[in-house]
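Asks: First residue of the sequence shown: 1116, per our numbering; consecutive thereafter. Even for Gly, the Cβ is constructed at its ideal location relative to N, Cα and C. These numbers were taken from a predicted model, which means no experiment stands behind them.
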Amino acid sequence: MLTKLKPISGISFGYSDGKNEARQPNFESLFYDGSGYYRTLRNDPLKYLVVGRKGTGKTILVRYFMKKMQEEKILFQNLLLLEILQAKS
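Here it is as structure tokens:
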């Protein structure tokens, strides 16, 4: 039995640029970090320059780092607030 193929117009390949792709709520799922490489890079005191040809993913990589750093900043602030509240009671 042959399976009917979906027309190519029905397949989503995402946006053509990282700025718009990063607006998708699930864009973080595009990144695999099983070895904790991104966290290691973020904690490294050295600064990095992201370079590459057009369309290689520079923008979305930077947006991913920014989102992860913001999430951890919020987590740290919440933990600090909890610690202060516990100390007062």
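Based on Cα-Cα distance, which residue from Ile1123, Asp1148, Phe1180 lies nearest to glycine 1133?
Replies: It is Phe1180.
Asks: State the DSSP-derived secondary structure class of serine 1180, mapped to helix, strand or coil.
Replies: Before going on, a small fix: residue 1180 reads as phenylalanine here, not serine. Phenylalanine 1180 falls in the helix class under three-state DSSP.
Asks: Which first and last residues belong to the alpha helix (DSSP H) in which leucine 1156 is found?
Replies: Start and end: 1152-1158.
Asks: Going by DSSP in three states, serine 1124 sits in which element: helix, strand or coil?
Replies: Correct three-state label for serine 1124: helix.
Asks: With 16 as the cutoff for other CB atoms within 10 Å, does isoleucine 1175 come out buried or exposed?
Replies: Isoleucine 1175 is buried by the Cβ-count criterion.
Asks: Which of helix, strand or coil does DSSP assign to phenylalanine 1146?
Replies: Residue state, collapsed to three classes: coil.
Asks: What is the DSSP secondary structure of threonine 1174, counted as helix, strand or coil?
Replies: Helix, per DSSP.
Asks: Classify alanine 1137: buried if its beta carbon has 16 or more other beta carbons within 10 angstroms, exposed otherwise.
Replies: Buried, by the Cβ-count rule.
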